[in-house]
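To start, the structure itself, in structure tokens.
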Amino acid sequence: MDYYKLNAFITTVLLFILAFIPIIKDRNNKLYLWLSFFNLCVAFWQLDLFLLRSVQTIEQANLVSRILRPFVILSPYVFFVFVKLMTRTNINKKFDLFLFFITLSSILLNITGIGFGGCKYKEGYGFIPLFDIIYIGIILNLISGMGGGILLLIKKIYMPDITSVEKKQIQYFLLGIFIGVIGAIVNILNISGLKIYPIATFGLLCYFVLITYSILSYNLLNIRVLFQKFFIYIACSFIIVFIFYIADKYLFILLSNIYYKIFLFSLIVFLIVISIEPTFRFLEKITHYFLFISYYDYQTLLQFVLTRIRMIKEIDNILLEVLRLSSDVLKLKYNTIFYFDIEKNKYRLFNLEGKKEEFIDKDNALIKYSKIKKDVFYFKKISDDYNYDLSLKSEYKEINIKELYEMLKKYKSEFCLPIIINNEFMGVWIVGEKVNRNIISQEEVKWITNLAFQMGIIIENIILFEQLLQSHRFATLGKMSAAVAHEIRNPISGLYSFIQMILNKKDENTVNRFFDIASDEFKRIERLTTNLLSLGHATKLKKENANINELIKQVSEILSVNLKKAGINLVEKYEKLPVIKVDKEMIKQVLLNLILNSIQAMPGGGNIEVGTKVENENILIYIKDEGTGINDEIKDRIFEPFFTTKADGSGIGLTLAKNIIDAHAGNISFETKNGTGTIFYIKIPIE
């Protein structure tokens with residue numbers, strides 16, 4: 000088999016495919032067009048080498064060489080123009096003219112045949128072009144065009160305005176050139192008669208793959224990652240080939256039976272399959288140690304950052320902390336977020352520079368473009384599209400590309416990504432260049448993307464919690480409104496009845512009595528309103544000297560009619576108590592609520608025991624009934640606002656009682672047994 004011809008054919012086909020990829024991606028991009036033209040020239044160059052090895056006569060060889068050699072001559076010039084466009088460098092016109100003159104002269108000499116020396120047959124290689132005047136032009140072209148292009152690339156690396164993506168592109172470019180030069184040297188050595196295994200001609204293919212990848216992709220692999228993957232795949236391939244080589248040389252030859260050979264082959268394949276993954280991981284671990292010894296464990300850092308921001312409950316502070324931590328981890332010099340401000344209906348600037356508030360409108364080009372893309376996008380691509388006048392592309396149909404370019408340039412953007420909360424666009428994160436101007440790697444882009452996603456979930460949870468809290472507030476307000484309506488309805492109904500009666504009565508004593516009752520009802524409404532308002536505020540006390548026993552007696556007198564109607568006997572057991580400072584009216588209200596609850600819990604009548612004593616520098620009041628008790632299911636909820644099991648209850652009595660006792664630095668508790676009654680204990684400290 001002619002391996003030289005096979006390699007030339009495979010490389011030619013793949014180069015033609017590579018030539019059309021940039022055009023398919025964007026045929027309006029001037030840079031992509033020149034890249035395609037360059038790939039096409041070299042593809043025809045490789046086709047020339049393949050056909051020269053395939054033709055049978057000298058006439059055929061001369062014809063092929065004259066037709067295809069112009070593409071060889073054009074290659075260095077096209078490369079130079081392409082690099083000039085890529086680096087956006089203004090070159091001295093004299094050098095441009097010099098290079099163009101050499102290229103054009105060589106092509107004209109080839110067409111006219113004046114400088115064409117023809118081809119000759121070389122044993123073991125096929126037909127090769129003779130070293131003629133045109134070859135001298137090609138060499139001058141290579142030195143001028145390729146050399147000039149390489150110098151432009153190196154110069155660009157050290158320019159202060161270069162972005163990390165541009166720097167990474169040039170690294171790939173130079174790596175590709177190095178590999179391509181090796182392939183070209185092999186071809187030249189073959190033409191000179193030195194036989195070298197032709198696998199090196201694939202260097203040309205590697206060269207163009209790297210160049211095309213570096214130009215078309217804005218999220219390039221770190222060069223170290225590229226070397227790591229290249230080494231691992233080559234090593235794994237070598238191991239597999241070595242295993243089969245040993246098997247073929249020393250094992251298969253010992254087996255005469257074809258079935259034994261098939262069995263041995265299957266066994267080897269099985270062993271390779273089960274061992275290739277552990278081998279791959281082992282090589283990955285070894286290469287990672289040598290190539291990435293100073294690199295971060297980004298997964299651990301991500302968990303650290305997320306742990307920090309989960310402790311923050313304000314969205315503004317989360318955004319600032321994310322900016323601070325991501326800047327520390329990636330050593331970012333510029334780091335900015337624009338997040339939607341609901342009150343302003345604009346996007347607010349967040350950064351670590353502490354400048355005054357800055358906002359951008361919804362129709363800002365950056366916001367509109369981020370909404371359209373919904374994914375990571377790179378400043379280098381926007382810059383290329385802007386500089387190569389591609390504002391008419393469909394993705395910029397509603398975007399002012401100049402405004403977008405200027406905005407990203409202002410914030411030193413390397414790449415941007417949208418901030419999505421609950422499937423809605425809420426802002427854009429502009430990741431700028433590093434302090435040391437190093438490249439932002441693909442792993443770091445993924446890290447930022449993961450962080451933005453997790454941050455979105457955390458912010459979404461905060462928003463949901465706030466919405467839940469707001470719903471709870473509205474629900475509480477609704478319950479409070481119902482409670483107020485319930486409590487006020489009765490006195491208002493009474494007042495209405497009194498007014499109707501006053502209109503029909505002329506007796507002065509009756510009128511005065513009705514006015515007294517109406518006054519009491521108004522006071523009741525006022526007291527109820529005050530108590531309801533106190534639910535949401537600290538209870539204000541008007542303390543004065545009081546004897547708790549006397550306060551209980553006053554309450555029992557007020558409730559005497561209620562007790563008699565319910566058939567309940569109030570048993571009072573008082574011990575001698577010291578005088579203490581309390582709010583008399585509020586303590587009476589607590590006692591009133593608790594005894595009324597006991598009365599309502601004993602529809603069949605019975606005894607309610609009320610007593611007092613001194614216990615551990617506290618005055619203890621207890622109220623014991625013989626009612627139905629409190630169910631275990633609701634024990635923990637009886638002090639909640641508006642919680643009630645009564646059809647006509649307001650659910651605020653026990654809440655008010657607890658608030659009042661808490662305000663006295665006391666304690667209220669209870670013991671209950673379902674079906675046998677409840678005891679409430681009130682402890683008030685003796686000051």
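The sequence shown begins at 0 in numbering that gives the first Met the number 0 and counts up by one.
Positions of the beta carbon are idealized from the N, C-alpha and C atoms, including for glycine.
Cβ neighbour criterion (16 or more within 10 Å) applied to residue i
i, result
"residue 609", "buried"
"residue 575", "exposed"
"residue 432", "buried"
"residue 128", "buried"
"residue 168", "buried"
"residue 664", "exposed"
"residue 378", "buried"
"residue 613", "exposed"
"residue 112", "exposed"
"residue 330", "exposed"
"residue 454", "buried"
"residue 91", "exposed"
"residue 413", "buried"
"residue 85", "buried"
"residue 26", "exposed"
"residue 310", "exposed"
"residue 670", "exposed"
"residue 277", "exposed"
Chain-order list of residues whose beta-carbon lies under 7 Å from that of residue i (same chain, five-residue window excluded)
i, result
"residue 601", "565, 567, 624, 625, 626"
"residue 70", "40, 43, 44"
"residue 638", "653, 654, 657"
"residue 583", "543, 545, 550"
"residue 239", "271"
"residue 102", "72, 73, 76, 140"
"residue 560", "none"
"residue 312", "461"
"residue 605", "567, 625"
"residue 125", "51, 52"
"residue 587", "550, 553, 554"
Of the residues the options, the one placed nearest residue i, counting alpha carbons only
i, options, result
"residue 437", "94, 335, 156", "156"
"residue 661", "540, 237, 406", "540"
"residue 237", "619, 266, 282, 263", "282"
"residue 544", "560, 578, 559", "578"
"residue 553", "590, 563, 582", "590"
"residue 424", "42, 678, 336", "336"
"residue 107", "66, 142, 92, 234", "66"
"residue 324", "595, 351, 275, 344", "351"
"residue 10", "27, 30, 50, 33", "50"
"residue 434", "88, 580, 159, 54", "159"
"residue 404", "444, 442, 363, 441", "363"
"residue 279", "304, 234, 305, 263", "234"
"residue 146", "98, 122, 117", "98"
"residue 440", "383, 372, 328", "328"
"residue 630", "675, 25, 368", "675"
"residue 144", "399, 306, 95", "95"
"residue 130", "64, 173, 148, 150", "64"
"residue 342", "30, 332, 401, 360", "360"
"residue 411", "677, 334, 32", "334"
"residue 150", "83, 556, 319, 369", "83"
Sequence-distant residues of its chain with Cβ nearer than 6 Å to residue i (five each side left out)
i, result
"residue 415", "376, 427, 429"
"residue 37", "77, 78, 81"
"residue 4", "52"
"residue 293", "Residue placement at residue 293 is flagged as unreliable, the pLDDT there being 45, under the threshold of 50; the coordinate-derived value follows with that caveat. Nothing meets the Cβ criterion."
"residue 573", "548, 611"
"residue 680", "621, 668"
Own chain residues within Cβ distance below 8 Å of residue i, not counting five before or after
i, result
"residue 347", "337, 338, 339, 340, 356, 357, 358"
"residue 0", "With a pLDDT of 49 at residue 0, under the threshold of 50, the modelled position of this residue cannot be trusted; read the value that follows with caution. If we look at residue 0 and ignore the five residues flanking it on each side, it has no Cβ neighbours."
"residue 688", "Here the chain covers residues 0 to 686 and nothing more, so residue 688 does not appear."
*Is the segment 137-147 touching the segment 70-77, taking contact as three or more C-beta pairs under 8 Å?*
Three or more beta-carbon pairs separated by less than 8 Å link the segment 137-147 to the segment 70-77, which places the two stretches in contact.
*Between the segment 415-431 and the segment 450-467, do at least 3 Cβ pairs fall closer than 8 Å?*
In this structure the segment 415-431 lies against the segment 450-467, because at least three pairs of beta carbons, one per stretch, are closer than 8 Å.
_Which complete beta strand (DSSP E) runs does the segment 115-149 hold, if anything under 3 residues is left out?_
Counting only runs of 3 or more, we get 118-121, 125-128.
*Do the segment 40-50 and the segment 13-20 make contact, defined as three or more Cβ pairs closer than 8 Å?*
Using a C-beta cut-off of 8 Å, the segment 40-50 makes contact with the segment 13-20, since at least three inter-stretch Cβ pairs fall below that distance.
_Minimum length 3: unbroken beta strand (DSSP E) runs contained in the segment 569-650_ = Within the segment 569-650, the complete beta strand (DSSP E) runs of at least 3 residues are 579-581, 605-614, 617-623.
_So within the segment 386-430, which uninterrupted beta strand (DSSP E) runs reach at least 3 residues, ignoring any that extend past its ends?_
Segments of the beta strand (DSSP E) lying fully in the segment 386-430: 412-420.
*Where are the alpha helix (DSSP H) runs, 4 residues long or more, that stay fully inside the segment 0-61, in chain order?*
The qualifying runs are 2-24, 29-53.
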